[in-house]
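Chemist:
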Amino acid sequence: MATTEKSILNRMYLVAACLFLFAVAVGVKLVNIQFVHGDYYKELAEERTFKNFKIPANRGNLYDINGNLLATSVPKYDIRFDAVTVSDKNFEENIGPLSEKLAKMLGNSSSYYSQKLRAARANNQRYVLIARNLGYSDYMKIRQFPMFNLGPYKGGMITEQSTVREHPLGKMGERTVGYERRDENGYFTRVGLEGAFSNYLRGTDGRRLKQKIAKGQWKPISDNNELEPRDGYDVVSTIDVNIQDIAHHSLLRQLEYFEADHGTVVVMETETGEIKAMSNLGRTKEGTYFEKRNYAVYESHEPGSTFKLMAMVAALEDKVVDTSQIVDTEKGVVRFYGRPVRDSRHGGYGKISAAKAFEVSSNTAFTKMITEGYKNNPSKFVDRLYSMQLNQKIGLEIKGEGSPRIPHPQDKSWNGLSLPWMAFGYGVSLTPLQTLTFYNAIANDGEMIKPRFIKEVKDRDKPILTREKEVINPSVCSPETAKKVREMMKNTVMRGTASNIYTENFSMAGKTGTCQTEYWIEPGRYIASFAGYFPAENPKYSCIVVIHKPNRRKGYYGNIVAAPVFKDIARKIYTDTPVMDELESLEVEDKRVKTDFEKYYTKIQDEKLLMPDVTGMPAMDAISILENLGLEVRINGNGVVKRQSVTAGQKLKNNQTINLELS
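In UniProt numbering, the protein residues as written are 1 to 663.
1. Return the CA-CA distance between R59 and E180, expressed in angstroms with no decimal places.
2. For A536, which option in Y426, H301, K276 and Y439 has the closest C-alpha, if you only look at C-alpha atoms?
3. Would you tell me roughly how many angstroms separate the C-alpha atoms of A441 and Y574, rounded to the nearest one?
4. Taking its Cβ as the centre, do 16 or more other Cβ atoms sit within 10 Å of S73, making it buried, or is it exposed?
5. Over what stretch of residues does the alpha helix (DSSP H) that includes N149 continue unbroken?
6. Roughly how many angstroms lie between the CA atoms of V457 and M448, to the nearest whole one?
7. Does the contact criterion of 3 or more C-beta pairs under 8 Å hold for the stretch 254–268 versus the stretch 76–95?
8. Going by Cα to Cα distance, which pick from T238, P409 and K356 is closest to N376?
9. When you compare the CB positions of E269 and T431, do they come within less than 8 Å of one another, or not?
10. Thinking C-alpha only, which one of G524, E468 and F534 is nearest V493?
11. Note down the Cα distance separating A354 from A311, rounded to an integer number of angstroms.
12. Thinking I472 and Q389 are a contact (beta carbons under 8 Å), I'd like their distance in whole angstroms, please.
13. Figure out for me which residue from E480, D261, G203 and P340 has the closest Cα to the Cα of V235.
14. How far does the alpha helix (DSSP H) with R253 in it extend, from its first residue to its last?
15. Pull up the distance between the alpha-carbon of H346 and that of V333, whole angstroms please.
16. Grab me the residues of C18's own chain with a C-beta within less than 8 Å of its C-beta, minus the 5 sequence neighbours each way, in chain order.
17. Count the CB pairs spanning the stretch 75–87 and the stretch 125–140 that are closer than 8 Å, and state whether there are at least three.
18. Where L281 and Y257 are concerned, what is the direct C-alpha to C-alpha distance, given to the nearest angstrom?
19. E456 by DSSP, collapsed to three states: which one?
20. For the ligand FMN, is there a heavy atom less than 7 Å away from the beta-carbon of T264?
21. Taking all protein chains shown into account, do 16 or more other C-beta atoms lie within 10 angstroms of the C-beta of Y601, making it buried, or fewer, making it exposed?
22. Can you give me the start and stop residues for the beta strand (DSSP E) that F307 sits inside?
23. For T238, which residues of its own chain have a beta-carbon under 7 Å away from its beta-carbon, when the five flanking residues on both sides are left out?
24. Quick check on L583: does DSSP put it in helix, strand or coil?
25. Could you tell me which uninterrupted beta strand (DSSP E) segments, each at least 3 residues in length, are contained entirely in the stretch 270–358, listed from first to last along the chain?
26. Count the CB pairs spanning the stretch 146–161 and the stretch 96–111 that are closer than 8 Å, and state whether there are at least three.
27. Name the residue from A443, S111, T306 and P564 whose alpha carbon lies nearest to the alpha carbon of K540.
28. Note down, in chain order, each residue of its chain lying with its Cβ closer than 8 Å to the Cβ of N124, except the 5 sequence neighbours on either side.
29. Please report the straight-line C-alpha distance between A23 and Y153, rounded to a whole angstrom.
30. How many angstroms separate the CA atom of E372 from the CA atom of A315?
31. Pick from A71, A103 and F424: whose alpha carbon is nearest that of T163?
32. Run the CB neighbour count on G402, radius 10 Å, all protein chains shown included, and call it buried at 16 or more, exposed below.
33. Does the Cβ-Cβ distance between G178 and V191 come in under 8 Å?
34. Report the rounded CA-to-CA distance for L9 versus F20, giving the unit in angstroms.
35. Could you please give the first and the last residue of the uninterrupted alpha helix (DSSP H) stretch that includes Y112?
36. Kindly give me the distance between the Cβ atoms of G304 and C515, rounded to whole angstroms, as I take these residues to be in contact under 8 Å.
Put into structure tokens, the structure is as follows:
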């Protein structure tokens, strides 16, 4: 009996000891929570009850040079339905009218929406998607629909607002306009103008403190924000949408015809370096084209014969060549270390001057001139190219600029073929924009200007930053050398390799380029290019066109593939902004002529005008004609005129309205 009592007593002691240890542990934990980690748990409790919500700042607008929108932020609305919160009476009374309204706005049948809403109510769904990405006007309409007009609790309408970046130009110039995106890890991808100037456009997000209430909802603590959001600044770019449209469509037509892999066009204002247009189009598997990559900025490749301008400038500056120097093209083939250099013309050009060699783009003449001029000191040639900063990046604000490559005799890769091959644009590498920057310098009497993409940054209408012309190199060559090569480029268009684009209506100057690419994969892949400026006498714009891998059966030379794009752009810019000479007034007043004219004018004013036939015309042309006749024009659609509400030949009335249906 004593043994049993002792055993029971020992067990009680053990239990008491365990309870004591547990009480000590609880006490230690309480002390630890209260005094050691107290601040942490207080913050955690407050965080679960109170939370700062981000108030996104409105991103600034991106404009072209004339104030046209290139990118803007617009609100978009997703509409969802809480099928639980609506009373049975409100649901049954409004589901029919609501379904009919939704059908008219969104396109599906009323029965589709009726079945969807009833199924959601039967399954107690509280987050059913009704519509996505509605504009503001449609959002305001849907708020007035039956049941939804009862509010979020009685009507079950849930609204989610987001801000979407839209580009009024659509796919045209998409890579130039660009974007800024942030992934789930917080890393940014910045492309084009949007990416380059995001620090101005982005703004600063605000904060608002909210308290958690029932059903996971959050209510603002007060009417005031903890931190007010600051909207982004507006950025005015140098892009001209009219020139951008011209460049885009001229390039697109040529790419489609020659079934090329990709191409780029850049138009720059000569005096300021402002980029007026930059189009980059790549081919899809289906044979269509879109803004795939910014080839003008990033793609460094062998330029081919457009590099002959750089070689000629270097040789003239170093006085190893003169424009009148005679060179024997040796029937169109010369060899260096057993490797042939050929002219595009079979049999060569005979004995021609250095200037003529440039005009006809003779590979044999250039390799002989450069090799003989620098054979004892090839570093002199390369150092001259370096002094013209051809081995350096421009330092563009747009991300992803490709690296130029100009080999030097001190490089391990230098060999006996390097110098003669560089003479006609092989073994070197430049991006289209780097090449254009040099051509623009020659048009500017040797002053090399940094290409720029923005004009100013504004806070509403108040300018806060203005970008001025930035000179990279005040003199890549002497004015005398610049004048000589400008004459050669003018003659290249008048009687040289680009004579096929010559016209008496306006003047152009430039250089064709044709080179093989990816020849280590297979022969027959080419890059066709043309770089130059216009007008030839007083350059206003410089331009480069580069087209990669055109269909050989249709053509691959620079004058056939690339130069016509250059001409088309120059012609259309001339048409929009013709160069005009100021003349003394030739107005001579003749009283008899004036009297006769006034009588005739009064007569036709008294007569009723007749309605012209504008079907088949582009909309803008038709509107211009009709508005000049005093008509009020209303249009439906876009494109060319398909139908007109007033029949051609019908007499017109004062302040008459005409409706045009466009295809």
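The C-beta atom is built at its ideal place from N, Cα and C for all residues, glycine as well.
Given the structure is predicted, the values throughout are model-derived calculations rather than measurements.
Modeler: The answer reads as follows:
1. 11 Å
2. Y439
3. 22 Å
4. buried
5. No alpha helix (DSSP H) contains N149, which DSSP labels as neither H nor E.
6. 24 Å
7. no
8. P409
9. no
10. F534
11. 12 Å
12. 6 Å
13. G203
14. V241 to F258
15. 9 Å
16. none
17. yes
18. 14 Å
19. strand
20. No copy of the ligand FMN appears in this structure; indeed no ligand is present at all.
21. For Y601, the predicted model reports a pLDDT of 47, less than 50, meaning its position is unreliable; a value from the coordinates is still stated below. Result: exposed.
22. Counting along the chain, F307 falls outside any beta strand (DSSP E), and DSSP gives it neither H nor E.
23. I65, E274, I275, K276, R452, F453, I454 and K455
24. Note that L583 scores a pLDDT of 44, beneath 50, so its modelled location is shaky; the value from the coordinates is reported in the next line. Correct three-state label for L583: coil.
25. 275–283, 326–328, 333–336, 339–342 and 351–353
26. yes
27. A443
28. A83 and V84
29. 50 Å
30. 11 Å
31. A71
32. buried
33. yes
34. 16 Å
35. S110 to A122
36. 3 Å
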